[in-house]
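Numbering (the numbering used here), first residue to last: 13 to 139. The C-beta atom is built at its ideal place from N, Cα and C for all residues, glycine as well. See structure below.
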Amino acid sequence: MSLPHILVVDDSPSLRRMIGACLRAGGYTVSEAADGDEALALAMDTSFGMLVTDQVMPGTDGLTLIRTLRKTPAYAAIPMLMLTTEADGQVREQARDAGASGFLAKPFDPDQLMEAVGALMDPSKVG
13 MSLPHILVVD DSPSLRRMIG ACLRAGGYTV SEAADGDEAL ALAMDTSFGM
63 LVTDQVMPGT DGLTLIRTLR KTPAYAAIPM LMLTTEADGQ VREQARDAGA
113 SGFLAKPFDP DQLMEAVGAL MDPSKVG
């Protein structure tokens with residue numbers, strides 16, 4: 013089984029590169045977008061099997077990005093991981109209400125990222 017193509021969206025170039033490098037090292041194909049608007053354009057031209065997005069970005073934020081993609085049949089059921097510096101319960105609730113499959117608070121280390129992605133790709137491994 014091939015691993016999915018993952019779209020990584022974050023307005024921080026260094027964080028985007030780090031996330032992309034971790035995922036590529038794990039065998040995933042990765043595309044990167046600097047903000048939600050760029051991500052929406054990419055998502056309409058390319059089929060992605062997972063989304064990893066920051067919450068707070070200029071233009072279209074992560075919550076709006078997830079809500080918009082969830083309305084598109086191709087993205088209605090793919091795993092979507094929300095990244096944010098906001099770790100409180102209200103933000104997690106907003107992310108889930110928007111359609112996020114999982115949540116990872118910044119800062120995180122590469123192992124935490126890979127664990128979160130792996131759990132969303134194979135829910136039977138959660139536990």
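Beta bridge counterpart(s) of residue i as assigned by DSSP
i	result
L116	L95
M133	None; M133 has no bridge partner.
S43	L19
M62	I18
Other residues of its chain near residue i: CB distance less than 6 Å, five sequence neighbours each side excluded
i	result
L35	I18, V42
P45	Note on residue identity: the sequence assigns Ala, not Pro, to residue 45. These residues qualify, in order along the chain: V21, A51, L54.
D100	none
P91	M62, S113, L132
Own chain, CB closer than 8 Å to residue i, minus 5 neighbours either side, in chain order
i	result
L93	M62, L63, V64, T65, A112, S113, G114, F115, L116, A128, V129, L132
S24	D66
P70	D23, D47
Check whether residue i and residue j have beta carbons under 8 Å apart
i	j	result
A86	S59	yes
D49	T72	yes
L15	Y40	yes
L12	L27	Given that the chain is displayed from residue 13 to residue 139, the structure contains no residue 12 and the question cannot be resolved.
Nonlocal neighbours in the same chain, by C-beta distance under 7 Å from residue i, ignoring five residues either side
i	result
L75	Q67, Q106, A107, A110
P119	none
M126	C34, G38
Where residue i falls: helix, strand or coil (DSSP)
i	result
V68	coil
S26	helix
G139	Its pLDDT being 38, under 50, G139 is placed unreliably by the model, and nothing is read from it.
A33	helix
D100	coil
Any chain B beta carbon closer than 8 Å to residue i
i	result
G74	Considering every chain present, this structure includes no chain B. It has just one protein chain.
Contact the region 18-25 vs the region 57-71: 3+ CB pairs below 8 Å: With the cut-off at 8 Å, the region 18-25 and the region 57-71 touch.
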